[in-house]
């Protein structure tokens, strides 16, 4: 079973309307919301190490506004942003929300306050964008992919901060300039990842999947492989 970030990267490759450039043999996909993760796509396939996906959660970062933990995930996650919002008293009553569905609702409240012009809220979201952009730059410099794609609500739910992501990415990378592309699935990237996992059996063995569904005549089971070439 693919990790959730691998699955979302696979959806980008297989279901995304935008195709990667023919010259792009490697692509880096970076995800951020409540967790952070990355996937590397090589030659049109998601690279899946035998020992499982790597982690960027403890990647070193710095932000006093977002808690000063020194690690990427605990700095840019939704929960970290909401903790900072509570500390700064940006949204009254946010601490009393239940965790089930509460984080998503509270983030929506924070975005609404920022869009209404609250300067502290805008600065908080811009700070998360800055940290994310710097982390993406570090990964880009380490892996040097042909393309960089970002996904997850930390990037897509507040597109107003993508300018800060891109600025931090440009300032933090020591390699030649490169654009950041945002996932084609927007805020529905998790659904796209779940869809690609559901369809993986069909892609891997289409005839077998049709047989199991009863949609293919059973006599095709005996068809020689050469006849299907």
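Numbering (this note's numbering), first residue to last: 90 to 318.
Cβ coordinates follow ideal geometry from the N, Cα and C atoms, glycine included.
Keep in mind it's a predicted model, so treat the numbers as computed, not measured.
**Asked** What's the C-alpha gap between residue 217 and residue 173?
**Response** 11 Å
**Request:** Tell me, to the nearest whole angstrom, how far the beta carbon of residue 206 is from that of residue 257; I am working on the premise that it is less than 8 Å.
**Result:** 23 Å between Cβ atoms; not a contact.
**Prompt:** Would you say the stretch 262-269 touches the stretch 229-240, given that touching needs at least three Cβ pairs under 8 Å?
**Reply:** yes
**Prompt:** Which stretch, first to last residue, makes up the alpha helix (DSSP H) that contains residue 130?
**Reply:** Unbroken run through residue 130 is the beta strand (DSSP E), 125-131; no alpha helix (DSSP H).
**Asked** Roughly how many angstroms lie between the CA atoms of residue 234 and residue 261, to the nearest whole one?
**Response** 16 Å
**Buried or exposed by the 16-neighbour rule on C-beta atoms within 10 Å, applied to residue 197** = exposed
**Asked** Taking the alpha-carbon positions, what's the residue 147 to residue 204 distance?
**Response** 31 Å
**Item:** Bounding residues of the beta strand (DSSP E) (the contiguous stretch that carries residue 270)
**Value:** 269-271
**Item:** Residues of its chain near residue 259, where Cβ-Cβ distance is below 7 Å and the 5 sequence neighbours each way are ignored
**Value:** 266
**Prompt:** According to the Cβ coordinates, are residue 179 and residue 213 closer than 8 Å?
**Reply:** yes
**Asked** Using the C-alpha atoms, what's the distance from residue 199 back to residue 130?
**Response** 34 Å
**Request:** Out of 123, 120 and 98, state which residue places its alpha-carbon closest to the alpha-carbon of residue 133.
**Result:** 98
**Prompt:** What whole-angstrom Cβ distance do residue 167 and residue 122 have, given they're in contact under 8 Å?
**Reply:** 6 Å
**Item:** residue 177 versus residue 170: straight-line alpha-carbon distance, rounded
**Value:** 11 Å
**Asked** Are residue 95 and residue 139 closer than 8 Å when you measure CB to CB?
**Response** no
**Prompt:** Is DSSP giving residue 225 helix, strand or coil here?
**Reply:** helix
**Prompt:** With 16 other CB atoms within 10 Å as the buried threshold, where does residue 245 fall?
**Reply:** buried
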